[in-house]
Every structure is written in C-alpha cells, then in structure tokens.
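Q:
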Amino acid sequence: MARTSNKLTHLDPAGRPAMVDVSAKQATAREARAECRVKFPAAVAEQLRANGLKSAKGGIVDTAIIAGTMAVKRTHELIPFCHPLPIDGCRFSIDWQDARTLRIDCTVKTVHRTGVEMEALTGATVAALTVYDMCKALSHAIVIGPAKLLGKRGGKRDVGALT
Numbered sequence: 413m414a415r416t417s418n419k420l421t422h423l424d425p426a427g428r429p430a431m432v433d434v435s436a437k438q439a440t441a442r443e444a445r446a447e448c449r450v451k452f453p454a455a456v457a458e459q460l461r462a463n464g465l466k467s468a469k470g471g472i473v474d475t476a477i478i479a480g481t482m483a484v485k486r487t488h489e490l491i492p493f494c495h496p497l498p499i500d501g502c503r504f505s506i507d508w509q510d511a512r513t514l515r516i517d518c519t520v521k522t523v524h525r526t527g528v529e530m531e532a533l534t535g536a537t538v539a540a541l542t543v544y545d546m547c548k549a550l551s552h553a554i555v556i557g558p559a560k561l562l563g564k565r566g567g568k569r570d571v572g573a574l575t
C-alpha cells in the first residue's frame, strides 16, 4: 500500500504551505477506510468485557461512534489543508480484536474532487481517544495505536482494501 513520491502536494512553487487546488478535478465517488486500535491492561479489558463495554460515563462504543462521526464532519477544521467535504456516508465498526485490544474501523464516503482519507483517519483516532477518555478512570496505561489507512477508492488510484 505504501506509495512514494518525490513531491509534497501541500507546498507552492516557492516552498510555502498551500492548499491543493482541486477545482479542475472531476467529482467522483470517493471512499476511504481507516483503523485505530486501543490496547488495555489485561485487568481493564476483563472489566470492560464483564460490563459490556460500559463505563461510569456510559456506553463506550456508542459514545465513540458519535464522537468519531462528529470528527469526520469537522476534519477540515482540525487539519489545516483539508478541504471541507460533504460527507455522504460514515460507518464505524468497533469490536475486540483480541483479549486486550479494541479495533476501531471507520469508513467514509463522498462524491467530490478530493478523497476522504483524512476524514477516515480522523474518525478512527477520535473514536479511540474517546474510548481512552471514557476508560482512563480505570487506568492510564491504555495505549492508542497504531492508526492507519486500510484503503481508499476513487481519484487517481485505488489503494489497499475497503472490506
């Protein structure tokens, strides 16, 4: 999935930061999928499983999905050179990957001139941060990451897998 290029796209000819001009691009269906993991100490994971992924603050998964969705829609406010995009779809899957690791998967769709990779990554990581926030009373030894793009479709090239 790794792609290398000798050119950074967010620099103008003088080497200054610049938003990419996408006005000449064709609007097409775009989709991206990202994941982030949250690893708990064994005792915390056991407690969360016993409580059905609920904490004193409420349902962990439901709250993470809401926070992640809000983050997807506001990515352009967080990442300086992201374009504001109409979000046509946003879906989360959150489940145990193993005995101690929660896997957060975020898929985002739009029809636009630029992709939604940053939106998917932002959604997955903010959902993970929300899980941390809801569980930090149990332990500060919770580890977030890695976060990574799993795939994207649309634009010049398709990368990775979306399923």
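Per the numbering used here, the very first residue in the sequence shown carries number 413; after that it's consecutive.
Cβ coordinates follow ideal geometry from the N, Cα and C atoms, glycine included.
Remember, it's a predicted structure, so these values are computed and weren't measured experimentally.
Would you list, in sequence order, the uninterrupted beta strand (DSSP E) runs of no fewer than 3 residues that lie entirely inside the stretch 444-506?
A: none
Q: Exposed or buried, which one is Met431 when buried takes at least 16 other CB atoms within 10 Å?
A: Your numbering for residue 431 matches position 19 in the sequence shown. Exposed: under 16 other Cβ atoms inside 10 Å.
Q: Between Leu514, Thr519, Ala511, Gln509, which lies nearest to Ile499 when the distance is taken from Cα to Cα?
A: The residue you call residue 499 lines up with position 87 of the sequence shown. Nearest option by C-alpha distance: Thr519.
Q: Skipping 5 residues on each side, what residues in its chain have a beta carbon closer than 8 Å to that of Ala439?
A: Your numbering for residue 439 matches position 27 in the sequence shown. Excluding residues within five positions, the ones whose Cβ falls inside 8 Å are Val523, His524, Arg525.
Q: Given Ala476, which residues of its chain have a CB within under 8 Å of its CB, disregarding the five upstream and five downstream residues?
A: The sequence position of residue 476 within the sequence shown is 64, counting from 1. Result list for Ala476: Phe504, Ile506, Ile516, Ala539, Ala540, Thr542, Val543, Met546, in chain order.
Q: Name the DSSP beta bridge partners of Leu561, please?
A: As a first step, residue 561 is located in the sequence shown; it is residue number 149 there, counting from the start. Per DSSP, Ala446.
Q: For the beta strand (DSSP E) that contains Thr522, what are its first and last residues?
A: As a position in the sequence shown, residue 522 is number 110, starting the count at 1. Residues 513-524.
Q: Indicate the three-state DSSP secondary structure (helix, strand or coil) for Gly535 in the structure shown.
A: Looking up residue 535 in the sequence shown gives position 123. Correct three-state label for Gly535: helix.
Q: For Leu465 and Ala479, I'd like the C-alpha separation in whole angstroms.
A: For the purposes of this step, residue 465 is taken as residue 53 along the sequence shown, with counting starting at 1. For the purposes of this step, residue 479 is taken as residue 67 along the sequence shown, with counting starting at 1. Their backbone Cα atoms lie some 16 Å apart in a straight line.
Q: Short check: CB of Arg442 to CB of Val528, under 8 Å?
A: In the sequence shown, the residue the question calls residue 442 occupies position 30. In the sequence shown, the residue the question calls residue 528 occupies position 116. Against a cut-off of 8 Å, the Cβ pair of Val528 and Arg442 comes out as a contact.
Q: Apply the 10 Å Cβ neighbour rule to Phe493 and answer buried if 16 or more other Cβ atoms are within range, or exposed otherwise.
A: Locating residue 493 in the sequence shown gives position 81, counting from the first residue. Exposed, by the Cβ-count rule.
Q: Spatial neighbours of Leu490 within its chain, please: CB distance less than 8 Å, with the 5 preceding and 5 following residues excluded, ordered by chain position.
A: By 1-based counting over the sequence shown, the position of residue 490 is 78. Here the set comprises Ala483, Thr534.
Q: With Lys548 and Ala444 assumed to form a contact (beta carbons below 8 Å), what rounded beta-carbon distance in angstroms separates them?
A: Within the sequence shown, numbered from 1, the residue matching residue 548 stands at position 136. Within the sequence shown, numbered from 1, the residue matching residue 444 stands at position 32. Contact doesn't hold; Cβ gap of about 29 Å is too wide.
Q: Return helix, strand or coil for Thr440, following the three-state DSSP convention.
A: Residue 440 sits at position 28 when you count from the first residue of the sequence shown. It is a strand residue.
Q: Where does Val432 fall in DSSP's three states?
A: Taking the first residue of the sequence shown as position 1, residue 432 is located at position 20. The answer is coil: DSSP assigns Val432 none of H, G, I, E or B.
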